[in-house]
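K.L.:
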Amino acid sequence: MQSEKKFIRINDEVKISNDKNPVKKSMFKFLFAFIIASLFLLTAVLGGILFFSVVMENDNDNFRTHIQNIGGANFEFVSIPSGSFSMGSPFGEGRTDEYPQHNITITKEFEIMKFEVTQYQWKSIMKNNPSLFFGMQNPVDSVSWNDCQEFIDVLNYLDSNHTYRLPTEAEWEYCCRAGSVTKYFFGNDEAKLVDYAWCRENTDTPFVDEECPHKIGLKKPNKWGLYDMYGNVLEWCSDWYDQYYYTNSSEIDPKGPENGDRHVIRGGCWYSHSGICRSGVRFYEIPDAGDPESTGFRLVRTES
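Everything in the sequence shown is counted per our numbering, starting at 937 for the first residue and increasing by one.
This is how it looks when you write it as structure tokens:
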């Protein structure tokens, strides 16, 4: 049966329509498009993973920064190029576990967080806050190595496009030094440390009654645009700790000893003095214990 023809007027012109109800048909198309668009938006929101990138300039080098939203919190990563550097400290500068200084090559580009993981980021992912010192834009503190692994497991579940993990000790020092060969990434003058780090010299003074970690990103970054590599909170690495590991370390992408009972921590913290907040200093702790005031972390990620 042929549909009934109807005459409709559009802009003073008479048109023939075979649709019994053209207005109803238009409303149906609009409703269908609205539902499809809503489903796409809902998928993005529930997934909690949005991605965009910008280029950031740091001193003489350009480094690409990626900001990714996961679980409602933004995580900012800096792309780090492959390269070689001298790991450890020269004799006379550091402690025995920092010797001997040795050449290391990082063969693959990777990304590392521009800042330490904050309490806001932790709470967005884990729905709790283990920190002793409250401040949502402060680094999360008092977390163990095992706590970090639980956090990482959730991130890897939420974002299947990347693999998140703690940096190796070599990757951490490579990023901290940012091409430098001196005691600090800014040179050898320890008096300048207060410009780059929250440490004993500027958190325990008559003028600053704030003996605690501070909001991320308030101090100057290193040449690669990374903040708080010294001080604020200690940062967990993936490696097992071995006092004598440097004597037989691999020169290519070392990952630390195959086993152990303590993991490496780097960078010093808010109560560390300038002699401790150096690029080459090594610390350690058992995996199920975090210092109740000072252990935090930042993450590395690679493409899955």
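Even for Gly, the Cβ is constructed at its ideal location relative to N, Cα and C.
All values reported here derive from a predicted model rather than from experimental measurement.
Give me, in chain order, the residues of the same chain whose beta-carbon lies closer than 6 Å to that of residue 1033; leave out the 5 immediate sequence neighbours on both sides.
P.N.:
The count along the sequence shown starts at 1 and reaches residue 1033 at position 97. Taken in chain order, the residues that qualify are 1179, 1218.
K.L.:
Would you check if there are 3 or more beta carbon pairs closer than 8 Å linking the stretch 1037 to 1054 to the stretch 1002 to 1020?
P.N.:
Taking 8 Å as the limit for Cβ pairs, the verdict is that the stretch 1002 to 1020 does touch the stretch 1037 to 1054.
K.L.:
Enumerate in chain order the residues of its own chain whose CB-to-CB distance from residue 1182 is below 7 Å, with the five nearest sequence positions on each side excluded.
P.N.:
Taking the first residue of the sequence shown as 1, we reach residue 1182 at position 246. These residues qualify, in order along the chain: 1024, 1035, 1036, 1038.
K.L.:
If you drop the 5 nearest sequence neighbours on each side, which residues of the same chain put their C-beta closer than 8 Å to that of residue 1234?
P.N.:
In the sequence shown, residue 1234 corresponds to position 298, counting from 1. So the list reads 1048, 1049, 1051, 1052, 1053, 1103, 1171, once near-sequence residues are dropped.
K.L.:
When you compare each of 1027, 1209, 1203, 1230 to residue 1075 by their alpha carbons, which one comes out closest?
P.N.:
For this step, residue 1075 is matched to residue 139 along the sequence shown. Taking only the C-alpha atoms, the option nearest residue 1075 is 1230.
K.L.:
Can you name the start and end residues of the alpha helix (DSSP H) that residue 1148 belongs to?
P.N.:
Within the sequence shown, the letter at position 212 stands for residue 1148. Looking at the DSSP string, residue 1148 is not in any alpha helix (DSSP H), and its letter there is neither H nor E.
K.L.:
Is it the case that the stretch 1128 to 1137 contacts the stretch 1185 to 1201, given that we only count it when at least three CB pairs across the two stretches are under 8 Å?
P.N.:
Verdict: no, contact absent.
K.L.:
In whole angstroms, what is the alpha-carbon distance linking residue 1204 and residue 1109?
P.N.:
For this step, residue 1204 is matched to residue 268 along the sequence shown. For this step, residue 1109 is matched to residue 173 along the sequence shown. Rounded to the nearest angstrom, the two C-alpha atoms are 13 Å apart.
K.L.:
Using C-beta distances below 7 Å, list every residue in its chain close to residue 1163, excluding the 5 sequence neighbours before and after it, in chain order.
P.N.:
As a working note, residue 1163 is residue 227 in the sequence shown. Only 1050, 1051, 1152, 1153, 1155, 1157 meet the Cβ criterion.
K.L.:
Any chance the stretch 1056 to 1069 sits against the stretch 1208 to 1216, with 3 or more Cβ pairs inside 8 Å?
P.N.:
Taking 8 Å as the limit for Cβ pairs, the verdict is that the stretch 1208 to 1216 does not touch the stretch 1056 to 1069.
K.L.:
Going by alpha carbons, who is nearest to residue 1089 out of 1079, 1009, 1226, 1100?
P.N.:
Taking the sequence shown and counting its residues from 1, the one referred to as residue 1089 is at position 153. It is 1100 whose Cα lies nearest to the Cα of residue 1089.
K.L.:
Starting from residue 1061, follow the alpha helix (DSSP H) in both directions and report where the run begins and ends.
P.N.:
In the sequence shown, residue 1061 corresponds to position 125, counting from 1. Residue 1061 -> alpha helix (DSSP H) spans 1055 to 1062.
K.L.:
Using CA coordinates, which residue listed in 1124, 1005, 1073, 1008 is at the minimum distance from residue 1026?
P.N.:
In the sequence shown, the residue the question calls residue 1026 occupies position 90. For residue 1026, the nearest C-alpha among the options comes from 1124.
K.L.:
Along the beta strand (DSSP E) that carries residue 1091, what are the first and last residues, could you check?
P.N.:
Along the sequence shown, read from residue 1 onward, the residue named residue 1091 stands at position 155. Where residue 1091 is concerned, there is no enclosing beta strand (DSSP E), although the alpha helix (DSSP H) it sits in stretches over 1081 to 1094.
K.L.:
Among the candidates 1098, 1059, 999, whose CA atom is the shortest distance from the CA of residue 1008?
P.N.:
To locate residue 1008, count along the sequence shown from 1; it is residue 72. Among 1098, 1059, 999, the Cα nearest to that of residue 1008 is on 1059.
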